[in-house]
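K.L.:
Per our numbering, the very first residue in the sequence shown carries number 909; after that it's consecutive. All C-beta atoms, glycine included, are put in the ideal place defined by N, C-alpha and C. Keep in mind that this is a model prediction, so the values were computed, not measured. What follows is a single structure, and I will ask about it in a moment.
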Amino acid sequence: MHLTTHPAAVRLRAVLPVIGEIVYAVGSLWISSTMLRNWPDPNGYWRDTDALAYALLVAIYLPLALRRRFPVAVLCSTGLCVATYFTLGYYHVVAVCGLALALYTAASLCPRRVSARCAAGTLAVLLWGTRLAEPGIGALSVGFVTVTTIVCWVAGDGSRRLRELTRQLRLEQEEKARRAVMEERIQIARELHDVIAHHVSVISVQTGLAGYVFSTDPPTARRALDTVGESAREALAEMRRMLVVLREEGPEPAEEPAAAPVSGLGRLDELVKRVGDAGVPVDVRVTGTAYDLPPGIDLCAYRVVQEALTNVIKHAPEANTTVRVHYGADEVRVRVRDDGSGRRPVRAASRAGTASRPLASTKSAGQGLIGMRERAMIYHGTVTAEPAPGGGFEVSFRVPVPRTGGGDADAVRTRRR
909 MHLTTHPAAV RLRAVLPVIG EIVYAVGSLW ISSTMLRNWP DPNGYWRDTD
959 ALAYALLVAI YLPLALRRRF PVAVLCSTGL CVATYFTLGY YHVVAVCGLA
1009 LALYTAASLC PRRVSARCAA GTLAVLLWGT RLAEPGIGAL SVGFVTVTTI
1059 VCWVAGDGSR RLRELTRQLR LEQEEKARRA VMEERIQIAR ELHDVIAHHV
1109 SVISVQTGLA GYVFSTDPPT ARRALDTVGE SAREALAEMR RMLVVLREEG
1159 PEPAEEPAAA PVSGLGRLDE LVKRVGDAGV PVDVRVTGTA YDLPPGIDLC
1209 AYRVVQEALT NVIKHAPEAN TTVRVHYGAD EVRVRVRDDG SGRRPVRAAS
1259 RAGTASRPLA STKSAGQGLI GMRERAMIYH GTVTAEPAPG GGFEVSFRVP
1309 VPRTGGGDAD AVRTRRR
């Protein structure tokens, strides 16, 4: 068990402040009593020290041990005893310190409206004592007690404000940390969905195909199983890359898994080949001046295409699909469209219903479509998913791109899988 969490240590931390307050109160009483007993009074102006004077000092200083628990009550009690002490004509300096400390504590623990009234009452008591001061120092006494009261109140109020500000900053930091954790969880969930949904969909289709033609067409079954293995390995690689990102602030891994390329539009051909092997013909065309995208935007565009093709595999496995990527001067546009052939009626209706309303505002919207929209919003982009004119389904993605330099030569590439 850690020393700081030991029960004895916990109890000691709880008791130490109380012991400190008691020691302070007793020490202040002893110092004040010593000053009162030994203070010279050659002119005999002050009343002789007697048992009542010491009793009043006890009543002034000992309650200070409870000043943090009952600040206003202790201040009122101390003020009443100090006023009595002044009125009886005892040497007044030894009593001022206790009242000043009680005022500081009340100002540091109570709201400003309450502490201001406490300061006014304290000043009234101290001004009452100045009229009983030695002749010739009345004006000096008034200035002294006024400044003392103001300083104690301002210092206590400043301590309260600083404590409140510290508490507010701590709450804001906790809220930021909570939101950061939530955003990280959402990001992890989104990545898991993108990785698992696509590859599992491919594996599901290919295992079904392999089982169907296992006896009648062994070569096709073998190719389907090869595709299953490739998809499984790719899924593991994607998961490994994601774990590396999550542990990037930790110790260096013994094996460098970053050797696998990061997902992006540069790996679009691999994605299309995998989908083509799953039985979905895909036609890809990239137009415009190709240039390097920021990593986040590149991954975002790739995930949108991946999710759209995954939906085609699940909902329209026989549809002809086109993927269009256009590099504009200050934006990138991606469009994935299927012609609807071989679409499963129930799924298609669900997809159309999903697209008829905002993605994030309908319970029927799939997690993948919601994830695409969330990804796009991070980079100030937009995603639309809706039935295509003439049949089929279309997903469009547009995102602004901050350009920092030139790109490759104009190119139009066409692939068919």
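Could you give the C-beta distance for Ala1010 and Val1053, rounded to a whole number, given that I count them as a contact under 8 Å?
P.N.:
About 14 Å; that fails the 8 Å criterion.
K.L.:
Mind checking which residues open and close the beta strand (DSSP E) that includes Ala1293?
P.N.:
Per DSSP, Ala1293 belongs to the beta strand (DSSP E) from 1290-1295.
K.L.:
For Tyr969 versus Gly1006, is the C-beta spacing smaller than 8 Å?
P.N.:
Against a cut-off of 8 Å, the Cβ pair of Gly1006 and Tyr969 comes out as a contact.
K.L.:
Can you give me the Cβ contacts of Leu1034 inside the same chain, cut-off strictly under 6 Å, excluding the 5 residues immediately before and after it?
P.N.:
Within the same chain, Leu1034 has close Cβ partners Val1053.
K.L.:
Taking the straight line between their C-alpha atoms, what separation do you get for Gly1248 and Gly1187?
P.N.:
Taking the straight line joining both Cα atoms gives about 14 Å.
K.L.:
Report the three-state DSSP secondary structure of Ser1249 (helix, strand or coil).
P.N.:
Ser1249 falls in the coil class under three-state DSSP.
K.L.:
Assuming contact is defined by CB atoms lying nearer than 8 Å, are Val1001 and Leu965 in contact in what I supplied?
P.N.:
Taking 8 Å as the Cβ cut-off, Val1001 and Leu965 do not qualify as a contacting pair.
K.L.:
Around the C-beta of Glu1178, are 16 or more other C-beta atoms found within 10 angstroms, so that it is buried, or is it exposed?
P.N.:
Counting Cβ neighbours within 10 Å, Glu1178 comes out exposed, since fewer than 16 surround it.
K.L.:
Closer than 8 Å is the cut-off here; do at least three beta carbon pairs connect the region 1122-1141 with the region 1197-1215?
P.N.:
The answer is no - the region 1197-1215 does not touch the region 1122-1141, with fewer than three Cβ pairs under 8 Å.
K.L.:
Looking at the structure shown, is Ser1304 part of a helix, part of a strand, or coil, going by DSSP?
P.N.:
Here Ser1304 sits in strand by DSSP.
K.L.:
Could you say which of Ile1278, Asp1246, Tyr1199, Gln1081 lies nearest to Val1231 if we only look at CA atoms?
P.N.:
Per the Cα distances, Asp1246.
K.L.:
Indicate whether Val1233 and Ala1227 have their beta-carbon atoms separated by less than 8 Å.
P.N.:
Contact flag unset, no.
K.L.:
For Leu1217, which residues from the same chain have a beta carbon less than 6 Å from its beta carbon, with the 5 sequence-adjacent residues on both sides left out?
P.N.:
Around Leu1217: Val1183.
K.L.:
Please report the Cβ distance between Arg976 and Leu1017, rounded to the nearest whole angstrom; I am assuming they are in contact, meaning their Cβ atoms lie under 8 Å.
P.N.:
Correct: roughly 7 Å between the Cβ atoms.
K.L.:
Please name the residue in Tyr1120, Leu1100, Leu1117, Tyr1012 whose C-alpha comes closest to that of Ala1143.
P.N.:
Nearest C-alpha to Ala1143: Leu1100.
K.L.:
Here's the rule: buried if 16 or more other CB atoms are within 10 angstroms of the residue's CB, otherwise exposed. What is Ala1032?
P.N.:
Burial call: exposed.
K.L.:
Between Arg1025, Val1309, Ala1047, which has its C-alpha nearest Ala1199's C-alpha?
P.N.:
Rather than Ala, the amino acid found at residue 1199 in this sequence is Tyr. Ranking Arg1025, Val1309, Ala1047 by Cα distance to Tyr1199 puts Val1309 first.
K.L.:
Using a Cβ-Cβ cutoff of less than 6 Å, which residues in the same chain neighbour Arg1068 once the five nearest sequence positions on both sides are dropped?
P.N.:
Closer than 6 Å at Cβ, skipping near neighbours: Ser1016.
K.L.:
Between which two residues does the beta strand (DSSP E) containing His1000 stretch?
P.N.:
Per DSSP, His1000 belongs to no beta strand (DSSP E) and is neither H nor E.
K.L.:
DSSP state of Glu1239, grouped into three classes?
P.N.:
Here Glu1239 sits in strand by DSSP.
K.L.:
Which partner residues of Val1121 appear in the DSSP bridge assignment?
P.N.:
DSSP, once it has assigned bridges, lists no residue as partnering Val1121.
K.L.:
Please look up how many angstroms separate the CB atoms of Val1244 and Val1213, rounded, as I've assumed it's under 8 Å.
P.N.:
Rounded, the Cβ-Cβ distance is 6 Å, consistent with contact.
K.L.:
With a Cβ-Cβ cutoff of 8 Å, do Thr1057 and Ala1027 count as a contact?
P.N.:
Contact flag set, yes.
K.L.:
Can you give me the C-alpha to C-alpha distance between Val1180 and Glu1080, rounded to a whole angstrom?
P.N.:
Looking at the two C-alpha atoms, the distance is approximately 46 Å.
K.L.:
Give the range of the alpha helix (DSSP H) segment to which Pro1203 is assigned.
P.N.:
Unbroken alpha helix (DSSP H) run through Pro1203: 1203-1223.
K.L.:
Going by DSSP, name the residue or residues bridged to Val1244.
P.N.:
Partner(s): Val1231, Val1303.
K.L.:
Are the CB atoms of Val1307 and Glu1215 within a distance shorter than 8 Å?
P.N.:
No, these two residues do not count as a Cβ contact at 8 Å.
K.L.:
Measure the Cβ-Cβ separation of Phe1305 and Gly1279 and say whether it is below 8 Å.
P.N.:
No.
K.L.:
Buried or exposed: where does Ile1111 fall if 16 or more other Cβ atoms within 10 Å of its Cβ makes it buried?
P.N.:
That one is buried.
K.L.:
Go ahead and pull the three-state DSSP assignment for Ala1186.
P.N.:
Ala1186 falls in the coil class under three-state DSSP.
K.L.:
To the nearest whole angstrom, what separates the beta carbons of Gly1236 and Gly1172, a pair I think is in contact under 8 Å?
P.N.:
No, Gly1236 and Gly1172 are not in contact; Cβ-Cβ is about 18 Å, not under 8 Å.
K.L.:
Is any heavy atom of the ligand FAD found at a distance shorter than 7 Å from the C-beta of Thr1057?
P.N.:
Ligands in the displayed structure: none, and consequently the ligand FAD is not present.
K.L.:
Look at the Cβ atom of Ala1140, then the Cβ atom of Ala1129, and state whether they are nearer than 8 Å.
P.N.:
Not a contact, by the Cβ cut-off of 8 Å.
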